[in-house]
Amino acid sequence: FYDGTDPLAPNYDPQLHLIKAPMTGSNGPLHVATKEDWSTHRGVLTDYLAPFEDMESVDFSLLKCDWRDDAVYEEVITKMNERLNKGDVPLNLNATGQFTHAYLYTGDEAFKRWVIDYLATWKARADANGGILPDNVGLSGVVGEYLDGKWWGGHYGWRWPHGFHTIIEPSLNAAHNAYLMTGDPDQLALPRQQIDVNYGLGKEIDGIWQVPYKHFDAGWTSYRPMRPLYAIHLWSRSFADEDQERIERVPHTFDWAEITLPDRPFSTKHFNANTVPWYEFIVGRNPDYPERMLDTNHALIDQQLRRLRSDEGDPRNWDRIHHIDGYLDTVDAAVDGYNIHLWQEFCPIYFESLVQLMWGAPMHITHGGLQYAAVRYYDADAHRPGLPPGVAALVDRVAGNEVSVTLVNTGETVRRAVLQAGSFREHRFDSATLVDEDGGTLATVPVGAEWFEIALDPGSIARLRLQVTRFAHDPSYETPWSARSAWSPLIVGREPR
Numbered sequence: 001f002y003d004g005t006d007p008l009a010p011n012y013d014p015q016l017h018l019i020k021a022p023m024t025g026s027n028g029p030l031h032v033a034t035k036e037d038w039s040t041h042r043g044v045l046t047d048y049l050a051p052f053e054d055m056e057s058v059d060f061s062l063l064k065c066d067w068r069d070d071a072v073y074e075e076v077i078t079k080m081n082e083r084l085n086k087g088d089v090p091l092n093l094n095a096t097g098q099f100t101h102a103y104l105y106t107g108d109e110a111f112k113r114w115v116i117d118y119l120a121t122w123k124a125r126a127d128a129n130g131g132i133l134p135d136n137v138g139l140s141g142v143v144g145e146y147l148d149g150k151w152w153g154g155h156y157g158w159r160w161p162h163g164f165h166t167i168i169e170p171s172l173n174a175a176h177n178a179y180l181m182t183g184d185p186d187q188l189a190l191p192r193q194q195i196d197v198n199y200g201l202g203k204e205i206d207g208i209w210q211v212p213y214k215h216f217d218a219g220w221t222s223y224r225p226m227r228p229l230y231a232i233h234l235w236s237r238s239f240a241d242e243d244q245e246r247i248e249r250v251p252h253t254f255d256w257a258e259i260t261l262p263d264r265p266f267s268t269k270h271f272n273a274n275t276v277p278w279y280e281f282i283v284g285r286n287p288d289y290p291e292r293m294l295d296t297n298h299a300l301i302d303q304q305l306r307r308l309r310s311d312e313g314d315p316r317n318w319d320r321i322h323h324i325d326g327y328l329d330t331v332d333a334a335v336d337g338y339n340i341h342l343w344q345e346f347c348p349i350y351f352e353s354l355v356q357l358m359w360g361a362p363m364h365i366t367h368g369g370l371q372y373a374a375v376r377y378y379d380a381d382a383h384r385p386g387l388p389p390g391v392a393a394l395v396d397r398v399a400g401n402e403v404s405v406t407l408v409n410t411g412e413t414v415r416r417a418v419l420q421a422g423s424f425r426e427h428r429f430d431s432a433t434l435v436d437e438d439g440g441t442l443a444t445v446p447v448g449a450e451w452f453e454i455a456l457d458p459g460s461i462a463r464l465r466l467q468v469t470r471f472a473h474d475p476s477y478e479t480p481w482s483a484r485s486a487w488s489p490l491i492v493g494r495e496p497r
């Protein structure tokens, strides 16, 4: 659909490296939207500013736009078709995830090349715009083609609805994808540049350095304290000093070690709330984080199970719910766009701390990011992903070419685990050192591979210090027992009757 070779889905211009619309799919680019296309968002987007500053049906300065008003909705759809629905936008950088998945399965260099070229094209646009990523590109490749030359004001861009949030996230996702497939840190240049430019546009307000999250026709606006989150995602992949500096320069406007329990409905996407305190732990400044996070896990799961088992948790009642669990000051769950997410609000499954503490990485960027890991595990006897039964793991240090992990066999039988270097076996373990509780060396074993196996006696603890060469291998979905050569064809249809 997105390499320009399917005549039924002409979503991509391979000469300009340009996706032809913000909304695309199997029928090609959607250049003319209907009222039905946006009907599921009328309630949600009422809470946001107008997409355009020159609307006649609403006063833009109010920073509210009631999409439920038919006259407003009519004007929004008309102006979108005139100005926003043709051409490329930064949000489309998330399409690199599809090509990265395809590369991890096949190893086809064409998929890698597409990601590199598409990312480079957006980087060139930012370079030509003073380092700022423009949020709209016309079908001819010209920035601002349908917005009177303005580089701001595009679909999910600098003005509407979120601003910086939907500029930096797809930039990070695409850069991480390219970095994964190439091992070239220069592929991180776009999000690094955007974070730096955004920081440089800041100013001191009430004694705190604040940065702009939006750009209107009058200039930069919506100043607020910069979040360390995006720089943490950068550093957790590169471990470069320059990326850690991007984190550390952010003012501490809140307690970075504090753990958040996501108890307010619709307040925390996918319950991911603790990237910053994890960072403080992994750099050695938040030592009791694992214990406190375990307590938070228990509280969150208890909360979610209680909600799931309540009358509100019955899907047959969801069309009558307005405010979950009595939180009257949260969004109305009956509103179109929120109601469809109720299943997430009652879900009792929680991943964030398992990813952080077992894999040594932050939870993925929820809008389109892949899940990375310093180390991941397989059950050597069952030949399946995950730790063997009764085995626990804690990654307490990740620093460039070294990972520290503790394995504990809580059971009564020997368990064999396989450790893998990286989510996609992109790294190589050079050696594994068994250390005592004070960090003293007990034994060192050379590895020289992306996997190694360890046998854990009943009740035993293995504290390992792993030396790693990063990006030593071609990333892949291969496992210790499943190779690409066995995947052809990847998908097998039913035999014709």
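The sequence shown maps to residues 1 to 497 in the working numbering.
Cβ coordinates follow ideal geometry from the N, Cα and C atoms, glycine included.
All values derive from a computational prediction rather than experimental measurement.
Where does the unbroken beta strand (DSSP E) through residue i begin, and where does it stop?
{"i": "residue 215", "result": "208 to 216"}
{"i": "residue 396", "result": "391 to 399"}
{"i": "residue 203", "result": "203 to 205"}
Can you grab the Cα-Cα spacing for the pair residue i / residue j, in whole Å?
{"i": "residue 72", "j": "residue 66", "result": "7 Å"}
{"i": "residue 43", "j": "residue 252", "result": "35 Å"}
{"i": "residue 177", "j": "residue 490", "result": "21 Å"}
{"i": "residue 328", "j": "residue 321", "result": "11 Å"}
{"i": "residue 508", "j": "residue 160", "result": "This structure does not reach residue 508, given that the chain is present from 1 up to 497, and the question cannot be answered."}
{"i": "residue 418", "j": "residue 436", "result": "21 Å"}
{"i": "residue 288", "j": "residue 281", "result": "8 Å"}
{"i": "residue 374", "j": "residue 457", "result": "24 Å"}
{"i": "residue 434", "j": "residue 339", "result": "51 Å"}
{"i": "residue 502", "j": "residue 390", "result": "The structure shown has nothing for residue 502, since the chain only spans 1 to 497."}
{"i": "residue 304", "j": "residue 343", "result": "11 Å"}
{"i": "residue 367", "j": "residue 382", "result": "33 Å"}
{"i": "residue 376", "j": "residue 126", "result": "36 Å"}
{"i": "residue 3", "j": "residue 82", "result": "26 Å"}
{"i": "residue 357", "j": "residue 278", "result": "8 Å"}
{"i": "residue 140", "j": "residue 181", "result": "29 Å"}
{"i": "residue 284", "j": "residue 369", "result": "26 Å"}
Since residue i sits in a beta bridge, which residues does DSSP pair it with?
{"i": "residue 225", "result": "210"}
{"i": "residue 431", "result": "446 and 467"}
{"i": "residue 375", "result": "421"}
{"i": "residue 13", "result": "18"}
{"i": "residue 265", "result": "BP columns for residue 265 are empty, so no partner."}
{"i": "residue 461", "result": "408"}
{"i": "residue 441", "result": "435"}
{"i": "residue 385", "result": "378"}
{"i": "residue 484", "result": "Residue 484 is not bridged to any residue."}
{"i": "residue 125", "result": "Looking at the DSSP assignment, residue 125 forms no beta bridge with any residue, so it has no partner."}
Please state the DSSP three-state secondary structure of residue i.
{"i": "residue 313", "result": "helix"}
{"i": "residue 164", "result": "coil"}
{"i": "residue 115", "result": "helix"}
{"i": "residue 88", "result": "strand"}
{"i": "residue 109", "result": "helix"}
{"i": "residue 409", "result": "strand"}
{"i": "residue 452", "result": "strand"}
{"i": "residue 170", "result": "helix"}
{"i": "residue 476", "result": "coil"}
{"i": "residue 232", "result": "helix"}
{"i": "residue 220", "result": "strand"}
{"i": "residue 402", "result": "strand"}
{"i": "residue 44", "result": "helix"}
{"i": "residue 237", "result": "helix"}
{"i": "residue 137", "result": "strand"}
{"i": "residue 307", "result": "helix"}
Taking the alpha helix (DSSP H) that residue i belongs to, which residues open and close that run?
{"i": "residue 72", "result": "70 to 83"}
{"i": "residue 280", "result": "275 to 282"}
{"i": "residue 197", "result": "189 to 200"}
{"i": "residue 158", "result": "Element bounds for residue 158: n/a, residue is neither H nor E."}
{"i": "residue 343", "result": "342 to 345"}
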